[in-house]
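Trainee:
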Amino acid sequence: MEPKPSKEEIFVRLLGEANKRWGKEVAQELKSDIERASEAIWQVEKFKLEPENEPSRPPGRV
Numbered sequence: 045m046e047p048k049p050s051k052e053e054i055f056v057r058l059l060g061e062a063n064k065r066w067g068k069e070v071a072q073e074l075k076s077d078i079e080r081a082s083e084a085i086w087q088v089e090k091f092k093l094e095p096e097n098e099p100s101r102p103p104g105r106v
């Protein structure tokens, strides 16, 4: 299993993609949004469900 990326690594990747897709000027305008998204992604990626809490199938399905 790969190690989880750091917040900084996530930010750098997202900012790099924004630069490629929309150019440096737009990427800089989006920088604060990208920082918030990086933080949220990092928090979700570090969260781990215990096996007994992992959903085995969607609710309501037999």
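Here the sequence shown is numbered in the working numbering, starting from 45 and rising by one per residue. A virtual CB, placed ideally from N, CA and C, is assigned to each residue, including glycine.
1) How far does the alpha helix (DSSP H) with F108 in it extend, from its first residue to its last?
2) With DSSP as the reference, label L74 as helix, strand or coil.
3) With C-beta atoms as the reference, is L59 less than 8 Å away from K75?
4) Assign S82 to buried or exposed, taking buried as 16 or more other Cβ atoms, counted over all protein chains shown, within 10 Å of its Cβ.
Mentor: For this structure:
1) The structure shown has nothing for residue 108, since the chain only spans 45 to 106.
2) Residue state, collapsed to three classes: coil.
3) Going by C-beta atoms, L59 is nearer than 8 Å to K75.
4) Looking at its Cβ environment, which holds 16 or more other Cβ atoms inside 10 Å, S82 is buried.
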